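Enquirer: For reference, the structure I am asking about is given below.
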Amino acid sequence: MSEPAVVLDRLVKRFGRFTAVDSISLEVAQGEVFGFLGPNGAGKSTTIRIMCGLLKPTSGTAIVAGIDVARRPEAIRSVIGYMSQRFSLYRDLTVMENASFYAGVYGLDGSRAAESIDRVLARVGLTGSEKVPVSELDPGRRQRLALGCSLMHGPRILFLDEPTSGVDPRTRGEFWNIIYGLAGDGATVFVTTHYMQEADFCGRLAMIHGGRLVATGTPGQLKREHGPGVVEIRSTDAAEMLDGISHAPDVDEAFLFGDAIHAYSADPAASAEALSGIPGVVSARVIEPTLEDAFVRLVRGSASGVAGSGE
Numbered sequence: 000m001s002e003p004a005v006v007l008d009r010l011v012k013r014f015g016r017f018t019a020v021d022s023i024s025l026e027v028a029q030g031e032v033f034g035f036l037g038p039n040g041a042g043k044s045t046t047i048r049i050m051c052g053l054l055k056p057t058s059g060t061a062i063v064a065g066i067d068v069a070r071r072p073e074a075i076r077s078v079i080g081y082m083s084q085r086f087s088l089y090r091d092l093t094v095m096e097n098a099s100f101y102a103g104v105y106g107l108d109g110s111r112a113a114e115s116i117d118r119v120l121a122r123v124g125l126t127g128s129e130k131v132p133v134s135e136l137d138p139g140r141r142q143r144l145a146l147g148c149s150l151m152h153g154p155r156i157l158f159l160d161e162p163t164s165g166v167d168p169r170t171r172g173e174f175w176n177i178i179y180g181l182a183g184d185g186a187t188v189f190v191t192t193h194y195m196q197e198a199d200f201c202g203r204l205a206m207i208h209g210g211r212l213v214a215t216g217t218p219g220q221l222k223r224e225h226g227p228g229v230v231e232i233r234s235t236d237a238a239e240m241l242d243g244i245s246h247a248p249d250v251d252e253a254f255l256f257g258d259a260i261h262a263y264s265a266d267p268a269a270s271a272e273a274l275s276g277i278p279g280v281v282s283a284r285v286i287e288p289t290l291e292d293a294f295v296r297l298v299r300g301s302a303s304g305v306a307g308s309g310e
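Per numbering that gives the first Met the number 0, the sequence shown starts with residue 0, numbered consecutively.
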């Protein structure tokens, strides 16, 4: 069996009295698309910056491609690609000028740089846009160019920090097609996201909250093992009815999900029948739990000290 692409062992990062990363341990296999799921401020970006050798951990270890990144941060940079939330593109330069700049940053020149630029622009769907100024690109194409620049040196492991933040759902889907293509070619992709629907695209994922890991597993495992019984309620005014449904018999908790309400119950079939009779309820049906349902349940359980690993 090949060694893991990433191993975190009791990783801790403190800033003064604030603990941003609290004893995280996980492994990521080579060639895996691994998601790091959690709300903004959960510790995702801090963790990824440690793995890229940009921050030193307070304690614990981060091994990437067999390299201890705290001891040898300079050695990791040739084998990883990193796309931060605020990846720096030069808006007054063209697509080609930006690509050429990053090829130089990674030590590529001459024919090697030209071949890499052609390969990368084709990969991210920007062939033919070489002369377009970055300032004229839509957000989706800017994000794809940023991804391409992080791929310029052919990294084995790619760290993407909220790569689809601020783009529309269609563009998000196109971006994930690129990620699948990279993994299909053997790259390991570690991607952070706060989009629950997007996490379903990952082969495996870890859920983080308040700097702590609350569960790891495949999306299916997490929904199956940690998802509550869920009743989806459609009503004339979901926000107005939420409090009443939260206090209905046999309903443990209820939350707004878009224009619907998700009610959690140990006996969802019975609850659906009872909730159907409440004035203002248009429909109440049992549904499969989503990753967001599982995450909410895990975070509530973690706060009570009862959550475990979904591995």
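Quick reminder that beta carbons are idealized off the backbone N, C-alpha and C, glycines included.
Predicted model, so just to flag it, every value in this text is computed and none were measured.
So, for glutamate 291: in the same chain, excluding its five sequence neighbours on each side, which residues have a beta-carbon less than 6 Å away from its beta-carbon?
Expert: Cβ within range, chain order: Met195.
Enquirer: Glycine 180: buried (16+ other C-beta within 10 angstroms of its C-beta) or exposed?
Expert: Exposed, by the Cβ-count rule.
Enquirer: Taking buried to mean at least 16 other C-beta atoms within 10 Å of its own C-beta, is valine 298 buried or exposed?
Expert: Under this definition valine 298 is a buried residue.
Enquirer: Is the CB-CB distance between leucine 136 and leucine 146 below 8 Å?
Expert: It is not a contact, given that the beta carbons lie outside the stated cut-off.
Enquirer: Beta-carbon within less than 7 Å of glutamate 252's beta-carbon, same chain only, minus the 5 sequence neighbours each way: which residues are those?
Expert: Excluding sequence neighbours, glutamate 252 sits near Ser245, Tyr263.
Enquirer: Using CA atoms only, rank isn't needed, just tell me which of Gly52, Leu36, Arg13, Pro3 is closest to glutamine 29.
Expert: The option with the nearest alpha carbon to glutamine 29 is Pro3.
Enquirer: Is leucine 36 near threonine 192, with beta carbons less than 8 Å apart?
Expert: In contact: leucine 36 and threonine 192 (Cβ atoms closer than 8 Å).
Enquirer: Based on Cα-Cα distance, which residue from Asp242, Val213, Met151, Gly279 lies nearest to valine 295?
Expert: Nearest C-alpha to valine 295: Val213.
Enquirer: Taking DSSP as the reference, what is the three-state secondary structure of arginine 284?
Expert: If DSSP states are grouped into helix, strand and coil, arginine 284 belongs with the strands.
Enquirer: What are the partner residues of leucine 107, as DSSP defines its beta bridges?
Expert: Per DSSP, none; premise fails for leucine 107.
Enquirer: Should serine 303 be labelled buried (16 or more other beta-carbon atoms within 10 Å of its own) or exposed?
Expert: Low per-residue confidence applies at serine 303: pLDDT is 47, beneath 50, and the placement is therefore not dependable enough to give any value.
Enquirer: Let me know the secondary structure DSSP gives lysine 130 once reduced to three states.
Expert: In the structure shown, lysine 130 sits in coil (DSSP, three-state: anything other than H, G, I, E or B).
Enquirer: From which residue to which residue does the beta strand (DSSP E) around leucine 181 run?
Expert: Run containing leucine 181: none in the beta strand (DSSP E); it sits in the alpha helix (DSSP H), 168-183.
Enquirer: How many whole angstroms separate the CB atoms of alanine 98 and isoleucine 116, which I take to be in contact at a CB cut-off of 8 Å?
Expert: About 5 Å separates the two Cβ atoms, so the contact holds.
Enquirer: Roughly how many whole angstroms lie between the Cα atoms of asparagine 156 and proline 288?
Expert: Checking the displayed sequence, the identity of residue 156 turns out to be isoleucine instead of asparagine. Cα to Cα, the separation comes out at about 32 Å.
Enquirer: Would you report the Cα separation of valine 78 and arginine 223, rounded to the nearest angstrom?
Expert: Distance between the alpha carbons of valine 78 and arginine 223: 36 Å.
Enquirer: Using a Cβ-Cβ cut-off of 6 Å (strictly less than) and excluding sequence neighbours within five positions of leucine 7, which residues of its own chain qualify?
Expert: Counting only Cβ-Cβ distances below 6 Å, and skipping sequence neighbours, we find Ile23, Ser24, Leu25, Ala61.
Enquirer: Need the endpoints of the beta strand (DSSP E) that arginine 13 sits in, please.
Expert: Segment 5-14, the beta strand (DSSP E) holding arginine 13.
Enquirer: Classify serine 275 as helix, strand or coil using the three-state DSSP reduction.
Expert: Correct three-state label for serine 275: helix.
Enquirer: Determine the extent of the alpha helix (DSSP H) in which serine 45 is found, giving its start and end residues.
Expert: The sequence as given places threonine at residue 45; serine does not occur at that position. Where threonine 45 is concerned, the enclosing alpha helix (DSSP H) stretches over 43-50.
Enquirer: May I ask you to list the residues that DSSP assigns as paired with valine 190?
Expert: DSSP lists Gly34, Leu159 as partners of valine 190.
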